[in-house]
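To start, the structure under review is shown below, and the notes come after it.
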Ligand code: AMP
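Numbering (our numbering), first residue to last: 300 to 478.
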């Protein structure tokens, strides 16, 4: 990808992100990427750029829920399948689970324990927004416990100053825009 394309993708992300102050809680600046994903050029540009960042993986893990959208689009370009990493309680048993901390309390990520061969796969994690990195870190642990090698993380938008990259270091993290 040349520098011009990188700039174009980053600009598209910026132009088609809706900023929602104080959602879902006071003080949070929510980045709503719905307009980006609903735009044909935006979705294609994001999928293409993230697929390039994900090169070498043989399975895409899309994180609940907006990571499902991007993850599937990336997988079709990469020529792989996509695995939905679900929030707790959505999948039928048996499941593999990984708990992680939220600001208040804990949450769980899950994948099926049966029916999909994860062991030995080279997996790239895909999500819309990287904030503290807690979600990516939990997904990484979950897949590694299942025997996969997590090769990289690829996100559309990275929020600076929240330590997201540090939470998954030394995993390479590719983002199309940082703000
Ligand atoms: P974190 O685990 O803190 O990196 O949070 C990342 C997850 O929460 C991603 O799945 C995002 O979709 C969501 N998220 C966190 N912060 C925001 C934000 N400011 N705007 C939009 N989504 C966010």
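Glycine included, each C-beta is placed from N, C-alpha and C at the ideal position.
DSSP beta-bridge partners of residue 329 = 319
Classify residue 380 as helix, strand or coil using the three-state DSSP reduction.
-> strand
Segment contact flag, the stretch 350 to 358 with the stretch 415 to 434, C-beta cutoff 8 Å, min 3 pairs = yes
Are the beta-carbon atoms belonging to residue 307 and residue 344 less than 8 Å from one another?
-> yes
Residue 327: beta carbon under 7 Å from a heavy atom of the ligand AMP?
-> yes
Nearest-angstrom Cβ-Cβ length linking residue 428 and residue 382, presumed shorter than 8 Å | Going by Cβ atoms, the distance from residue 428 to residue 382 rounds to 20 Å, so no, they are not a contact pair.
Nearest neighbour of residue 361, chosen from 451, 431, 468 [CA to CA] = 451
Helix, strand or coil for residue 476 per DSSP?
-> strand
Can you give, in chain order, each stretch of the beta strand (DSSP E) that sits fully within the stretch 336 to 393 and has at least 3 residues?
-> 358 to 362, 380 to 386
For the beta strand (DSSP E) holding residue 429, just list the boundary residues, first then last.
-> 421 to 429
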